[in-house]
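Protein chains: 2
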Amino acid sequence: MKKIPRKTITRVLLYIRTLEGLLKEKRYLVSSKQLSEMTGLSDVKIRKDISNFKSVGKPRIGYRTLELKKTLQDFLLQSNTVHLVLFGAGNLGSAILKYPGFQQGKIRVVAAFDVSRGKIGRKINGVRVYPVERAPEIIKRSHADIGIIAVPKEHSQEVADYMVLSGLHRIVNFAPCSISVPAKVQVRNMDFTIEFLSLFCDSPK
Amino acid sequence: MKKIPRKTITRVLLYIRTLEGLLKEKRYLVSSKQLSEMTGLSDVKIRKDISNFKSVGKPRIGYRTLELKKTLQDFLLQSNTVHLVLFGAGNLGSAILKYPGFQQGKIRVVAAFDVSRGKIGRKINGVRVYPVERAPEIIKRSHADIGIIAVPKEHSQEVADYMVLSGLHRIVNFAPCSISVPAKVQVRNMDFTIEFLSLFCDSPK
DNA sequence: TCTCAATCGTTCTAAATTTCACGAATCATT
DNA sequence: AATGATTCGTGAAATTTAGAACGATTGAGA
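What follows is the structure, encoded as structure tokens:
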């Protein structure tokens with residue numbers, strides 16, 4: 000089986016989200032054209048993405064919503080749940096803990112870490128906040144997959160180093176700065192500033 | 000002047016952020032190799048991106064930090080400030096209002112809108128929360144450039160429609176769902192779920 | 001002054017991605 | 001049963017993006 004590129008994976012996750020919405024509305028059949036309208040991607044691209052996995056569509060009919068969703072999910076996730084740990088239980092960290100997209104399973108935040116006495120021991124949306132010193136132990140025990148950086152940017156490098164030491168290989172960095180990590184560690188940066196500015200600069204009116 | 004692709008723009012914004020960091024450390028010269036180490040991008044790509052604008056580097060020396068930053072900024076932003084309005088002053092909305100990257104100028108949130116009586120009239124990090132009904136008026140008066148959706152996904156389409164009616168042409172959608180808008184309106188989706196899952200699926204161990 | 005090493009800018013090549021075009025399959029309709 | 005319209009799946013072309021190679025320029029040091 001050939002490797003699926005990251006961009007394709009992102010699109011497939013979008014398809015899955017869209018299919019879940021359709022199922023809620025009891026729409027059990029869907030065509031690539033309809034998915035195209037709902038996602039903003041071209042119908043050909045959608046069919047091609049889907050064909051990476053296996054053909055489940057019927058000409059003239061489209062795809063069976065549930066079957067397509069399962070096919071995509073089985074391939075990407077094998078029905079696993081992704082376990083996150085969060086560093087920094089401030090404003091942004093709390094908002095992430097309460098993000099409604101996680102509620103539907105697939106993603107579970109297993110622990111949050113902070114240095115503030117006032118936050119340690121509390122629960123935010125059901126997730127306990129621990130002192131950062133306990134991170135290595137908890138990360139290992141819970142087999143956490145991804146670590147999220149939501150601390151002030153002055154501490155983000157330090158936290159990243161600590162994450163790597165604790166055995167994490169995947170990091171999402173919400174701080175507006177770059178971090179350096181060993182090559183084996185994957186980082187995804189989510190700098191709101193850059194996102195907003197790039198939208199603005201993209202097509203000045 | 001040829002059109003600069005969106006991916007390039009995003010990288011250029013990353014260069015600007017990096018250059019600002021260098022200036023803070025009083026490093027007034029920088030090579031593409033150094034920028035490469037700091038950003039994780041290849042040095043050739045960086046030089047190529049920079050050459051889109053105009054040549055400001057000196058062989059054997061590198062770039063003058065301040066000059067390069069100004070060259071990039073002038074092209075992208077013409078030193079303008081981007082004006083945002085925020086819909087939804089809940090957990091995520093508040094976190095966005097407090098995002099530290101905005102503090103350095105360039106981005107300014109001019110108003111927040113919410114339906115909750117308890118929030119209307121309050122100020123969050125200096126930004127006043129207004130009832131949504133006042134959105135059209137305030138958006139027009141402030142010449143807001145970008146609208147941010149940080150409301151529950153059940154209301155995101157409704158809010159998007161309202162934004163378009165109010166004259167916004169650029170939307171960042173933090174809700175975990177797609178929205179449909181006229182072709183002239185640009186949407187950027189920020190679904191944390193998809194971001195985290197795509198990182199997870201990208202290179203399963 | 002001359003040589004050398006470092007770094008820029010650019011052209012050319014390769015890879016990846018998107019778009020196009022079209023045959024094959026399926027159901028509706030006559 | 002035959003025709004037609006719709007939609008899937010896919011091979012090929014076109015476009016975009018990344019990467020490699022290399023000449024050109026600059027300052028350092030002999």
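Read top to bottom, the protein sequences are chains L and D.
The first sequence maps to residues 0 to 204 in numbering that gives the first Met the number 0.
The second sequence maps to residues 0 to 204 in numbering that gives the first Met the number 0.
For glycine and all other residues, C-beta sits at the position ideal for the given N, C-alpha and C.
Given the structure is predicted, the values throughout are model-derived calculations rather than measurements.
Should residue i be flagged as near chain L, meaning a C-beta pair shorter than 8 Å?
i, result
"Y98/D", "yes"
"E194/D", "yes"
"I45/D", "no"
"N51/D", "no"
"R107/D", "no"
"M162/D", "no"
"D201/D", "yes"
"S197/D", "yes"
"D42/D", "no"
"D48/D", "no"
"L91/D", "yes"
With residue i as the anchor, note down where its alpha helix (DSSP H) starts and where it stops.
i, result
"Y14/L", "5-23"
"P130/D", "Looking at the DSSP string, P130/D is not in any alpha helix (DSSP H); the run it does join, the beta strand (DSSP E), is 126-130."
"I226/D", "No answer is possible for residue 226/D: it lies beyond the span of chain D, which begins at 0 and ends at 204."
"A111/D", "Counting along the chain, A111/D falls outside any alpha helix (DSSP H), though it belongs to the beta strand (DSSP E) covering 106-113."
"I137/L", "134-141"
"F74/L", "64-76"
"Q33/D", "31-38"
"N51/L", "First-last for N51/L: undefined, no H or E at that position."
"S155/L", "155-164"
Check whether chain D comes within 8 Å of residue i, counting only Cβ atoms and requiring the distance to be less than that.
i, result
"I95/L", "yes"
"S155/L", "no"
"D113/L", "no"
"M37/L", "yes"
"S177/L", "yes"
"F101/L", "yes"
"P211/L", "Not covered by the structure: residue 211/L. The range shown for chain L is 0 to 204."
"Q185/L", "yes"
"R59/L", "no"
"R26/L", "no"
Does the beta-carbon distance from residue i to residue j come in below 8 Å?
i, j, result
"V126/L", "D113/L", "no"
"I147/D", "F52/D", "no"
"G131/L", "A159/L", "The amino acid at residue 131/L is misidentified as Gly; the sequence shows Val. In this structure, A159/L does not lie closer than 8 Å to V131/L by Cβ."
"H82/D", "V55/D", "no"
"A94/D", "N90/L", "yes"
"L34/L", "I45/L", "yes"
"R187/L", "L198/D", "yes"
"V171/D", "I145/D", "yes"
"L96/L", "N79/L", "no"
"F173/L", "M162/L", "no"
With respect to the beta strand (DSSP E) encompassing residue i, which residues constitute its N-terminal and C-terminal limits?
i, result
"A147/L", "The residue you asked about is not Ala; residue 147/L is Ile in the sequence shown. Unbroken beta strand (DSSP E) run through I147/L: 145-148."
"V214/D", "The requested residue 214/D is not part of the displayed model; chain D covers only 0 to 204."
"I170/L", "169-172"
"V81/D", "81-86"
Residue i to residue j, Cα distance in whole Å?
i, j, result
"A182/D", "H168/D", "10 Å"
"I137/L", "S115/D", "38 Å"
"L67/L", "I178/D", "22 Å"
"L164/D", "G61/D", "48 Å"
"R16/D", "G100/D", "10 Å"
"T38/L", "L21/L", "12 Å"
"S31/D", "G104/L", "43 Å"
"S141/D", "D201/L", "21 Å"
"R133/L", "V150/L", "17 Å"
"V11/L", "F191/D", "15 Å"
"L75/D", "Q185/D", "18 Å"
"I3/L", "E19/L", "22 Å"
"Q77/D", "P175/L", "22 Å"
"N64/D", "I49/D", "Correcting the residue identity first, residue 64/D is Thr in this sequence and not Asn. T64/D and I49/D: Cα-Cα distance of roughly 13 Å."
"K6/D", "S41/L", "19 Å"
"P58/L", "I8/L", "24 Å"
"K47/D", "Q102/D", "30 Å"
"V84/D", "Q156/L", "31 Å"
"K152/L", "G92/L", "13 Å"
"G117/L", "A111/L", "13 Å"
"I106/D", "K25/L", "42 Å"
"A88/L", "Y98/D", "14 Å"
"K139/L", "P135/D", "51 Å"
"L71/D", "L13/D", "11 Å"
"G120/L", "H154/L", "21 Å"
"V43/L", "K23/D", "48 Å"
The ligand COA heavy atoms versus the CB of residue i: any closer than 7 Å?
i, result
"I123/D", "Summarising the ligand content, the structure contains no ligands, and the ligand COA is consequently not present."
Requested in this report: Pull out every residue of the segment 2-20 of chain L whose Cβ sits closer than 7 Å to any Cβ of chain D, in chain order.
Outcome: R5, I8, T9, L12, L13, R16, T17, G20
Query - Proximal residues, the segment 120-146 of chain D versus chain L, C-beta separation under 7 Å - result: D144, I145
Query raised in the report: Residues in the segment 66-78 of chain D with C-beta within 8 Å of chain L's C-beta atoms, listed in sequence order?
Result: L75, L76
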